[in-house]
Amino acid sequence: MLKYEPLIQKIYGPDQGAHNNLISIRKRSGIGNVNITKSNVSGYYGPITIGGQTFNVMFDTGSSDFWVPYSNCTSCANHTKFNQSLSETFKYIGNSFSISYGGVAGLSAFTAKDNLLVGNIKSVDQIFGLVINETGNLNEAEFDGVFGMAFDALSVENATTPFSNMVKQKTVKNPYFSFYFQRS
21 MLKYEPLIQK IYGPDQGAHN NLISIRKRSG IGNVNITKSN VSGYYGPITI GGQTFNVMFD
81 TGSSDFWVPY SNCTSCANHT KFNQSLSETF KYIGNSFSIS YGGVAGLSAF TAKDNLLVGN
141 IKSVDQIFGL VINETGNLNE AEFDGVFGMA FDALSVENAT TPFSNMVKQK TVKNPYFSFY
201 FQRS
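Read in order, the letters of the sequence shown are residues 21 to 204 in this note's numbering.
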């Protein structure tokens, strides 16, 4: 069972400014850091790489699904889209799923696998969703996708979350993560 615990730790680094913060995932040989930015819509977002392609995703501790827009998503016009032909490690799964976000936004997607990089921490064969249709205000968000960090059992796509995969693959030493927000 995955155990999430608070982690109080001082993280040294350059000042990220008023809107930039730091997400930290503890790693065997150190700490994996990702600079994150406060969203105008909700939460915080930052860069991850899946299949060699970089996306800004909202780090969401209240959901367990990980998804990004797919190359043929016409309603995802304002976002970076995943192109499977640019990845040498892409694997099609094809399970369809839909998610509704509070009645104001939603999506339709299918599942795939690829290698994920968050900071310097890797997850091999990570299952994720490729969005083929966005509705509501998702297209207006500054972030491209969502990176669910809650428990696996909450996953609509019935997938292991990226963090759980990192724990299983032993790319993180301890089964917990933390967010460190600098005062601004």
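Quick reminder that beta carbons are idealized off the backbone N, C-alpha and C, glycines included.
Please report the Cβ distance between residue i and residue j, rounded to the nearest whole angstrom; I am assuming they are in contact, meaning their Cβ atoms lie under 8 Å.
{"i": "Gly139", "j": "Asn53", "result": "5 Å"}
{"i": "Val88", "j": "Phe79", "result": "Between Phe79 and Val88 the Cβ distance is about 13 Å, and since that is not below 8 Å, they are no contact."}
{"i": "Ala129", "j": "Leu150", "result": "6 Å"}
{"i": "Lys133", "j": "Ile113", "result": "6 Å"}
Using DSSP with H/G/I as helix, E/B as strand and the rest coil, what is residue i?
{"i": "Met169", "result": "coil"}
{"i": "Thr131", "result": "strand"}
{"i": "Ile188", "result": "Note that residue 188 is Lys in the sequence shown here, rather than Ile. Reduced to three states, the DSSP call for Lys188 is helix."}
{"i": "Ser198", "result": "strand"}
{"i": "Ser95", "result": "helix"}
{"i": "Asn157", "result": "helix"}
{"i": "Phe183", "result": "helix"}
{"i": "Ser143", "result": "strand"}
{"i": "Ser105", "result": "helix"}
Cutting at 8 Å between CB atoms, please list the residues of its own chain near residue i, excluding the five before and the five after it.
{"i": "Thr74", "result": "Pro67, Ile68, Thr100"}
{"i": "Leu106", "result": "Gly71, Gly72, Gln73"}
{"i": "Ser118", "result": "Gly126, Leu127, Ser128, Ala129, Val176"}
Taking the beta carbon of residue i as the centre, do at least 16 other beta carbons fall within 10 Å, making it buried, or is it exposed?
{"i": "Ala173", "result": "exposed"}
{"i": "Phe201", "result": "exposed"}
{"i": "Asp145", "result": "exposed"}
{"i": "Ile45", "result": "Note that Ile45 scores a pLDDT of 40, beneath 50, so its modelled location is shaky and nothing firm can be said."}
{"i": "Asn157", "result": "exposed"}
{"i": "Gly168", "result": "buried"}
{"i": "Thr81", "result": "exposed"}
{"i": "Asn41", "result": "In this prediction, Asn41 scores a pLDDT of 44, lower than 50, which makes its location untrustworthy; no coordinate-derived value is stated."}
Whose C-beta lies closer than 7 Å to the C-beta of residue i among residues of the same chain, with five residues either side of it excluded?
{"i": "Ser122", "result": "The sequence as given places Gly at residue 122; Ser does not occur at that position. Hits under 7 Å: none found."}
{"i": "Asn159", "result": "Ser95, Cys96, Ala97, Asn98"}
{"i": "Ser84", "result": "Gly168, Ala170, Phe171, Asp172, Leu174, Ser175, Thr181"}
Quick one: Cα of residue i to Cα of residue j, how far?
{"i": "Ser95", "j": "Met186", "result": "32 Å"}
{"i": "Asn60", "j": "Glu162", "result": "8 Å"}
{"i": "Pro182", "j": "Ser198", "result": "15 Å"}
{"i": "Val192", "j": "Leu137", "result": "12 Å"}
{"i": "Phe86", "j": "Glu177", "result": "9 Å"}
{"i": "Gln124", "j": "Lys188", "result": "Note that residue 124 is Val in the sequence shown here, rather than Gln. Rounded to the nearest angstrom, the two C-alpha atoms are 35 Å apart."}
{"i": "Asn92", "j": "Tyr65", "result": "23 Å"}
{"i": "Gly126", "j": "Tyr90", "result": "15 Å"}
{"i": "Ser120", "j": "Arg203", "result": "33 Å"}
Leaving out the 5 sequence neighbours to the left and right, which residues in its chain are closer than 6 Å to residue i when beta-carbon positions are compared?
{"i": "Asn135", "result": "Thr109, Val144"}
{"i": "Gln104", "result": "Phe110"}
{"i": "Ser49", "result": "Note that Ser49 scores 41 on pLDDT, short of 50, meaning its location in the model is unreliable; the coordinates nonetheless yield the value given after this. Closer than 6 Å at the Cβ level, and outside the excluded window around Ser49, lies no residue."}
{"i": "Gly165", "result": "Phe75, Val77, Trp87, Val88"}
{"i": "Asn115", "result": "Thr131"}
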